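K.L.:
Sharing a structure with you now.
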Amino acid sequence: MRIVGPTGTGKTHQAYGAIRTLLAAGVRLRWEAITAADLYARLRPRPGFDSERDLQSLMRCPLLLLDDLGAAKTSEWTEELTYRLINHRYEHLRPTLITSNLTTDTLRAALGDRVASRLAQMTERVTLDGDDRRRTRPAA
2 MRIVGPTGTG
12 KTHQAYGAIR
22 TLLAAGVRLR
32 WEAITAADLY
42 ARLRPRPGFD
52 SERDLQSLMR
62 CPLLLLDDLG
72 AAKTSEWTEE
82 LTYRLINHRY
92 EHLRPTLITS
102 NLTTDTLRAA
112 LGDRVASRLA
122 QMTERVTLDG
132 DDRRRTRPAA
């Protein structure tokens, strides 16, 4: 599932809600959630850390929530890393929840045609509309 919409419309909340629903229904599986920015920071090469092993773990994770895809600054390295992760999950039919503020065209420009194409085929798009919930005050 790919949940898209403006900032603050509840995309992350809905994605975690989907995971909670699975767990409440008795589905037991290992899952991991990470923002795209944290993914890139976590896998940045550094001495004494095997980022390839960590990437392989995310590739094989039974359920992955990749939050805020396209929000982090992109580079050739982040584009390649995103492609490798998405492509592996695509080829191995691994369930993946994606949230993003970006439209399909903007996502394609930010992450490349190969990633956007795979996401279009492997996910069902759900669009959330509305005001930024973080900026609106609840009625008194």
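In this note's numbering, the protein residues as written are 2 to 141.
We put the CB at the ideal spot given by N, CA and C, even for glycine.
These numbers come from a predicted model, not from an experiment.
#1: Ignore the nearest five residues each way along the sequence and tell me which others in R90's own chain have a CB closer than 6 Å to its CB.
#2: Report the option in A37, E77 and L64 whose CA atom is closest to the CA atom of L24.
#3: S58: buried (16+ other C-beta within 10 angstroms of its C-beta) or exposed?
#4: Can you round the beta-carbon distance between I99 and T124 to whole angstroms, since I take them to be within the 8 Å contact cut?
#5: Among residues of its own chain, excluding the 5 on either side of Q15, which ones have a beta-carbon nearer than 6 Å to its beta-carbon?
#6: Starting from the C-beta of T107, find all residues in its chain whose C-beta is less than 8 Å away, skip the five residues before and the five after it, and write them out in chain order.
#7: So the candidates are A73, L112 and L103; which of them puts its Cα closest to the Cα of N88?
#8: Check whether chain C comes within 7 Å of R115, counting only Cβ atoms and requiring the distance to be less than that.
#9: Decide if V116 is buried, meaning its Cβ has at least 16 other Cβ atoms within 10 Å, or exposed.
#10: Taking the alpha carbon of R85 as the point to measure from, which residue in D68, L40 and V127 has its own alpha carbon closest?
P.N.:
Inspection of the coordinates gives the following:
#1: Closer than 6 Å at the Cβ level, and outside the excluded window around R90, lie T97.
#2: Out of A37, E77 and L64, L64 has the C-alpha closest to the C-alpha of L24.
#3: Under this definition S58 is an exposed residue.
#4: Taking 8 Å as the upper bound for CB-CB distance, I99 and T124 are in contact here, some 6 Å apart.
#5: Cβ within range, chain order: I4.
#6: Result list for T107: G71, in chain order.
#7: If we check each option's Cα against that of N88, L112 comes out closest.
#8: Although the question refers to chain C, the structure presented lacks it and comprises just one protein chain.
#9: Taking every protein chain shown into account, the CB of V116 has 16 or more other CB atoms within 10 angstroms, so this residue is buried.
#10: Closest by C-alpha distance to R85, out of D68, L40 and V127, is L40.
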